[in-house]
Amino acid sequence: AQTVTQSQPEMSVQEAETVTLSCTYDTSESNYYLFWYKQPPSRQMILVIRQEAYKQQNATENRFSVNFQKAAKSFSLKISDSQLGDTAMYFCAFMKHDGGGADGLTFGKGTHLIIQP
Amino acid sequence: NAGVMQNPRHLVRRRGQEARLRCSPMKGHSHVYWYRQLPEEGLKFMVYLQKENIIDESGMPKERFSAEFPKEGPSILRIQQVVRGDSAAYFCASSRPPLENQETQYFGPGTRLLVL
Numbered sequence: 802a803q804t805v806t807q808s809q810p811e812m813s814v815q816e817a818e819t820v821t822l823s824c825t826y827d828t829s830e831s832n833y834y835l836f837w838y839k840q841p842p843s844r845q846m847i848l849v850i851r852q853e854a855y856k857q858q859n860a861t862e863n864r865f866s867v868n869f870q871k872a873a874k875s876f877s878l879k880i881s882d883s884q885l886g887d888t889a890m891y892f893c894a895f896m897k898h899d900g901g902g903a904d905g906l907t908f909g910k911g912t913h914l915i916i917q918p
Numbered sequence: 110n111a112g113v114m115q116n117p118r119h120l121v122r123r124r125g126q127e128a129r130l131r132c133s134p135m136k137g138h139s140h141v142y143w144y145r146q147l148p149e150e151g152l153k154f155m156v157y158l159q160k161e162n163i164i165d166e167s168g169m170p171k172e173r174f175s176a177e178f179p180k181e182g183p184s185i186l187r188i189q190q191v192v193r194g195d196s197a198a199y200f201c202a203s204s205r206p207p208l209e210n211q212e213t214q215y216f217g218p219g220t221r222l223l224v225l
């Protein structure tokens, strides 16, 4: 079974600052995907970024980027030039992929990120 | 280009009643997943379905819970004889078939179930 750990229950930064959210995972799988989802006060789950484990290059999406360290099983999310609208719960998620099909996501407990004006 | 649709958005039931939660996947998606989120917690996987087929129900409680995804119509998560502990947000997600390497799951807005 997989586990996902987010060690920061809550973080707070000033608008325009850069913030990094940490995530570590434990698995014996060799082929998998990692995701960051955002859950704002509306409670909608929104995909932020996705990383395939077989890719060495870190994924980026505009102000969002990841630092994927496969050997260390670490998958941190960096948010640059943070904005008030980035205030949300952020969940790290793992999904194994064995070539024959997908799987349910395993989520961490989340980090509550607060962007201060 | 509608996203994943869930209804109702809010559902109130008394203990012992039945709750039916519906999910329509995104256009072109044939795989549906159900998750439960208890207050102040992350989402927990419940069940994974294709049309007319349950692929993985390892996260589903053995009693009172069932799920289906018929050939026509939405996926249904059914909770019989609800108890207060069933109060939670229930999220549905959908994806394309995994072999297309498009396994990213997109979530609906969730159904908030409150059991009185």
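In order, the protein sequence lines correspond to chains Y and S. The first sequence lines up with residues 802 to 918 when you count with our numbering. The second sequence lines up with residues 110 to 225 when you count with our numbering. Ideal placement from N, C-alpha and C gives every residue a C-beta, glycine not left out. Bear in mind that the values here come from a model prediction, so they are computed numbers and not experimental data.
At a CB-CB cut-off below 8 Å, which residues of chain Y make contact with residue i?
i, result
"residue 198(S)", "844"
Give a yes or no on whether 8 Å exceeds the smallest Cβ distance from residue i to chain Y.
i, result
"residue 220(S)", "no"
"residue 125(S)", "no"
"residue 137(S)", "no"
"residue 216(S)", "yes"
Taking the alpha-carbon positions, what's the residue i to residue j distance?
i, j, result
"residue 134(S)", "residue 212(S)", "14 Å"
"residue 164(S)", "residue 188(S)", "19 Å"
"residue 182(S)", "residue 221(S)", "21 Å"
"residue 194(S)", "residue 131(S)", "20 Å"
"residue 179(S)", "residue 152(S)", "25 Å"
"residue 123(S)", "residue 129(S)", "13 Å"
"residue 821(Y)", "residue 813(Y)", "11 Å"
"residue 161(S)", "residue 177(S)", "7 Å"
Would residue i pass as an interface residue toward chain S - the criterion being a Cβ-Cβ separation below 8 Å?
i, result
"residue 910(Y)", "yes"
"residue 848(Y)", "yes"
List, in chain order, every chain S residue whose beta-carbon is nearer than 8 Å to that of residue i.
i, result
"residue 851(Y)", "213"
Quick one: which chain S residues come within Cβ less than 9 Å of residue i?
i, result
"residue 892(Y)", "151, 152"
Could you tell me which residues DSSP puts in a beta bridge with residue i?
i, result
"residue 873(Y)", "According to DSSP, residue 873(Y) bridges with nothing at all."
"residue 912(Y)", "891(Y)"
"residue 221(S)", "119(S), 198(S)"
"residue 130(S)", "186(S)"
"residue 804(Y)", "827(Y)"
"residue 907(Y)", "895(Y)"
If the cut is a Cβ gap below 7 Å, which residues of chain S does residue i touch?
i, result
"residue 896(Y)", "212"
"residue 834(Y)", "212"
Starting from the beta carbon of residue i, find every residue of chain Y whose beta carbon is closer than 7 Å, and list them in chain order.
i, result
"residue 174(S)", "What residue 174(S) touches in chain Y: nothing, since even the nearest Cβ is about 15 Å away."
Taking C-beta pairs closer than 9 Å, name the residues in chain Y that residue i reaches, listed in chain order.
i, result
"residue 168(S)", "905"
Query raised in the report: Can you list the beta strand (DSSP E) stretches of 3 or more residues lying completely in the stretch 173-204 of chain S, in chain order?
Result: 174-177, 184-188, 197-204
Requested in this report: Please specify which runs of the beta strand (DSSP E), each continuous and at least 3 residues long, are wholly inside the stretch 132-174 of chain S, giving them in chain order.
Outcome: 140-146, 152-159, 162-165
**Report entry** Contiguous beta strand (DSSP E) assignments of at least 3 residues, all confined to the stretch 807-878 of chain Y
**Finding:** 811-815, 820-822, 825-827, 833-840, 847-853, 865-870
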